[in-house]
Amino acid sequence: MQSVQRWLVAAVLAVLGTTACSVVKEPGEARGDDSSVPRTECDLAAGRVTLHRLNRTEYNNTVRDLLGVDLRPADRFPQDDLAHGFDNIAEVLTVAPLLVEKYDDAARQLAETALADPGARAKLITCDPAAMGEEACAREVLGRFVSRAWRRPITEQELEKVMGLYRVAVEEGEGFETGLQLAIHGTLVSPNFLFRFEEDPPAGQVRRLNGYELASRLSYFLWSTMPDDALFFAAESGQLDTPEGVEAEVERMLADPRAEAFVDNFGGQWLATRALERAQPDPATFPDWDDELREAMAMETRLVLAELIREGRPLVDLLDADFTWVNERLARHYGIEGVKGAEFQRVAVPDHRRGGILGHGSFLTTTSNPTRTSPVKRGKWVLGQLLCDEPPPPPPGVEGLPETEKPTGTLREQMVAHRTDPICASCHVTMDSIGFGLENFDPTGRYRTKDEAGFAIDASGELPGGRIFSGVVELAQTLKADPKFASCMAEQAMTYALGRALTRKDGCSIESVAEKFAAGNYTFEALAKAIATSEPFRLRAAGKEEGK
Amino acid sequence: MKRWEISRRTVLRGLGTAIALPTLEAMLPSIARAQVAGAKPPRRLLFYFVPNGIYMKDFTPDEEGPNYSFPRTLQPLEPFRNDILVLSGFDNRPGEDVIPGNHARGTAAFLTCVPPVKHDDGTLEVGISVDQVAAQAIGKETRFASLELGVEANVTATSCDSGYSCAYISNISWAGPSSPMAKEIDPRLVFDRLFAGGTPGETAEQIARRNKYKKSILDFVSEDARALQAKLGAADKQKLDQYLTGVRTLEQRIAANAPDAVACVVSDAPDVAGSRQELAQQMADLIVLAFQCDLTRVATFMLANGFTNVAYQFLGVGEGHHELSHHREQSSFINHLKQIDRWEVEQFAYLLGKMKAVQEGDGTLLDNSLVLFSSELSDGNKHHHINLPVVLAGRGGGEIRPGRHIAFRGAGGEFPIADLYLTMLANVGVHLETFGRDRNGNPYGTRTLTSDLA
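Protein chains in written order, with the working numbering: chain A, 1 to 548; chain B, 1 to 454.
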């Protein structure tokens, strides 16, 4: 069964270079008639994100920026589930009773801490209750706080309801402090805080997001946190109503240190550095392996991606960069000389062997089994993560078939059935070729010329279209030349930015984002601007009818 | 022009666990509500999940009846011969399908007995699990309707099993078709949660005020949620429904006048676990404690997530568990797999030992419980969903008579594990006609087996 994503790639390629997008249009789909939205062939591109609750990272960052306290209460929350490779996919961010209980505990603790910590308190309480009157001051404090917490202006009635909580404490004779604490607590357990609300248009219609909704989308996309004052101001002033205004904000946001969150959260998941936490190379086979090396591998990939993003270099260089970042520990592992100390240094890798994600220990280790390499896992990862062309799972009955013969020969020889059986070959020829092209790297990413069993490595292969390569450097160049690589990066970033799976209806938008990405020399800034001004990012379609 | 420099702080948050010993041993016998006033002790249900199947040749006893000999993998349970039933021949066919994803489906169907659906957008669709059926019926009696515990963190990158949502392998407890009951994996957080609340020496007036505050906050947020619900589409409403269910759970906790848990324990929280084994045993201790103190009567436990490829290095097994389960009849793989199986059974035996050590009335906590041990598959190599490895421990308050190996297969017809779940539900007073549904949409479990097991 082909996934939508696979279909999508095929569709995008089919229409590449043409302007007609009829291929990706769903026939008979109801159309919106909101006249403020321009109609094109691609007019159903709005899409719809299910009510999006903050994930653990977003929650921690949001309360940090909202209250100025760094408690990280979400570290105690149950883990978020993953879909489409990311932990910010609204559809699977479910709300178990345990989570609501944790929200309540966290809010109580946050409210207490914010009022007790002098710095946080000063930021929060900007009036003098003795001079102004307690109730009036509470009203002023909460008016501003609730609006920031809920990421939009609040109504008079909403403020009244929050003040109702304040008054519960007053009625109990506990006054200003406890009243504020209760009100802050309630504000932070409210669904208005925990979820990113976007109002639905009437059935069958599409609406443009208002400035505040868009401000939240931008801030959670690039910063994994709530909007700052400048972004709120941009929302209020109408700046976000134009593509140019959105682009200006993107530029500003990328220059802000909070953009590091994108490297960690998007990069950490897309490029699998987070998966390193669970990597378990066999200690008997790899006595060298330890947490220092694990951490260094994660840091290398993070620093390389950060540099490409920050310095405005083409993101496609991820495959064949002429530099990397290592410390002494990782340099020793890689056989790079002249690097001393725990600090990371930028090193030139003129032969490119280590200068691209395919030579990073992070990728090579997380796609290996504990005792041996897995050309299949490596090939599958490259196809899925870098080309958005993950092969479908094996057909029924193939998985786990007993093989009574004891395997002998090289891995390549053992896996001969993958090439000779036509059913297996349809996927495995490409998958295994890529994996075998990386056999010069052992399960922890060390360079080698012989495999586990002592056979000489044959790292040659052929990709569809007669593209012959030998070894990691040629493989990386072959993949870089594949137009699917850049468009896949656009797709991955868009999935993360929207927090939902891409569907057939997004085909035109992906194509357009990929074109702008290419026209902007593949910089992240070009990609982020293209996504932030795309229709799926700025519009919202109505939900499915009740009962589907 | 970019102004920021990337910080050099630690990237991987999960690193660096200190080695320390659990201190739950120090806990004193409880003065639980469960034991006072000569009342009959309550009945409990516990579901103990192990992933990737079991190498069945070393699990299923050759003989039936009371005098069977324990195959190697089951041997750690021999001291509990008279406390357990080995039940062979149960199936969980709703986890079957012609497409890959057997671990995801098997794990999601484990306690739901409903075929899980793969949606491209990640939408979850399975059914309510047996523990949650019980929790919804008897959970109001206790401070926590149910507990969901495990030891393994969720997958943090790329996909899970063959395109199925990761939630299907990281949860076995489901409050509804798209509402997994997230589990706790940190014993210290479980401890805090079980025994939090209440400052020693608080006056009745102070407690009343605290509850009033709690209630006003919950009223406030419920009203908020309902106001928003009016503006939302169906899928969003479902999310808010989940939220409101959580809020109601908290409301009930205030209203239920929950027993004072603090009186039940005089010990420190567990320390950071140094190994999987310590972690598993700390969790077992906490489950026993929660039952003992009557904080809950229903619990689920995952000894690892479905489809896990964790390497049990402390057992001297370097390969990943899932990788090993596809042993292709190679003896080196099978031997390592059997080592893991046996370790899993040892952990289960540890739990049973703790339950048996708690006296309740004339019997033990184990006598007043039913504890199910099983996996999402039987043969992991071939992904079989039939002939599952099943051990049922405890006496269910006297209704169940352990001490035998009963082979259901061969007795004629199929034996859905859903029948066993109906039996377990009946034991805690929840009488359903059917449980789960097969791939044709028909009820999967349709009878109780109480008489067979009595």
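Yeah, the Cβ is synthetic: ideal placement off N, Cα and C, and Gly gets one too.
| Item | Value |
| --- | --- |
| Return yes when the Cβ of residue 218(A) is within less than 8 Å of the Cβ of residue 253(A), no when it is not. | yes |
| Does DSSP put residue 136(A) in a helix, a strand or coil? | helix |
| Under 8 Å by Cβ, that's how I've got residue 236(A) and residue 213(A) pegged, so tell me the actual separation to the nearest angstrom. | 13 Å between Cβ atoms; not a contact. |
| State the DSSP-derived secondary structure class of residue 21(B), mapped to helix, strand or coil. | Here residue 21(B) scores only 30 on pLDDT, less than 50, and its place in the model should not be relied on; the value that follows carries that caveat. It is coil, neither helix nor strand. |
| Helix, strand or coil for residue 416(B) per DSSP? | strand |
| Check whether the stretch 254-267 of chain A touches the stretch 280-288 of chain A, counting contact only when three or more Cβ pairs, one atom from each stretch, lie closer than 8 Å. | no |
| Nearest to residue 480(A) by alpha carbon, out of 520(A), 356(A), 347(A) and 55(A)? | 356(A) |
| Does the CB of residue 571(A) have a neighbour CB from chain B at under 8 Å? | A query on residue 571(A) cannot be resolved here, the shown segment of chain A reaching from 1 to 548 and no further. |
| According to the neighbour-count rule (16 or more other Cβ atoms, all chains shown, within 10 Å of its Cβ), is residue 185(A) buried or exposed? | buried |
| For the stretch 272-301 of chain A, which residues have a CB atom closer than 8 Å to at least one CB atom of chain B, in sequence order? | 272, 273, 274, 275, 276, 277, 278, 280, 282, 283, 284, 285, 291, 294, 295, 298 and 299 |
| Short of 8 Å Cβ to Cβ, which residues in the stretch 198-215 of chain A face chain B? | 199 and 200 |
| At 8 Å on the CB atoms, spell out the chain A contacts of residue 166(B), in chain order. | 81, 82, 83 and 92 |
| Can you tell me whether residue 66(B) is buried or exposed, with buried defined as 16 or more other CB within 10 angstroms of its CB? | exposed |
| Just checking, does the stretch 190-197 of chain A make contact with the stretch 45-61 of chain A on the three C-beta pairs under 8 Å criterion? | yes |
| Please compile the residues from chain A whose C-beta is within a distance smaller than 9 Å of the C-beta of residue 141(B). | Those within 9 Å of residue 141(B) in chain A number zero; the least Cβ separation is about 16 Å. |
| Could you tell me which chain B residues have their CB closer than 9 Å to the CB of residue 344(A), listed as they occur along the chain? | 8 |
| To the nearest angstrom, how far is it from the Cα of residue 339(A) to the Cα of residue 345(A)? | 8 Å |
| Can you round the beta-carbon distance between residue 152(B) and residue 302(B) to whole angstroms, since I take them to be within the 8 Å contact cut? | 7 Å |
| Using a Cβ-Cβ cutoff of less than 6 Å, which residues in the same chain neighbour residue 52(B) once the five nearest sequence positions on both sides are dropped? | 321, 322, 325 and 380 |
| Classify residue 435(B) as buried or exposed, calling it buried when 16 or more other Cβ atoms lie within 10 Å of its own Cβ. | buried |
| Quick check: the Cα distance between residue 444(B) and residue 94(B), rounded to an integer number of angstroms? | 8 Å |
| Applying the 10 Å Cβ sphere with the 16-neighbour rule, what's the burial state of residue 33(A)? | Only weak support exists for where residue 33(A) lies, its pLDDT of 35 falling under 50; the value from the coordinates is given anyway. By the neighbour-count rule (16 or more Cβ atoms within 10 Å), residue 33(A) is not buried but exposed. |
| Output the distance between the C-alpha atoms of residue 215(A) and residue 74(A), rounded to the nearest integer angstrom. | 23 Å |
| Please list the terminal residues of the continuous alpha helix (DSSP H) segment that includes residue 361(A). | 361-366 |
| Between residue 450(B) and residue 91(A), is the Cβ-Cβ spacing less than 8 Å? | no |
| Could you have a look at residue 443(B) and say whether DSSP puts it in helix, strand or coil? | strand |
| Taking the alpha-carbon positions, what's the residue 231(A) to residue 461(A) distance? | 50 Å |
| Would you check if the distance between the CB atom of residue 379(A) and the CB atom of residue 434(A) is smaller than 8 Å? | yes |
| For residue 123(A) and chain B, any beta-carbon pair shorter than 8 Å? | no |
| Relative to the alpha-carbon of residue 416(B), which residue among 305(B), 176(B), 87(B) and 241(B) has its alpha-carbon at the smallest distance? | 87(B) |
| Would you kindly check if the distance between the Cβ of residue 418(B) and the Cβ of residue 80(B) is under 8 Å? | no |
| For a test of the three-state rule: what should DSSP assign to residue 170(B), helix, strand or coil? | helix |
| Which runs of the alpha helix (DSSP H) fall wholly inside the stretch 181-244 of chain A and span at least 4 residues, in chain order? | 191-194, 211-222 and 229-237 |
| Quick one: does residue 113(A) have its CB under 8 Å from some CB of chain B? | no |
| Give the C-beta separation of residue 85(B) and residue 402(B) to the nearest angstrom, bearing in mind that I take them to be a contact with Cβ-Cβ under 8 Å. | 5 Å |
| Around the Cβ of residue 360(B), are there at least 16 other Cβ atoms within 10 angstroms (buried) or fewer (exposed)? | buried |
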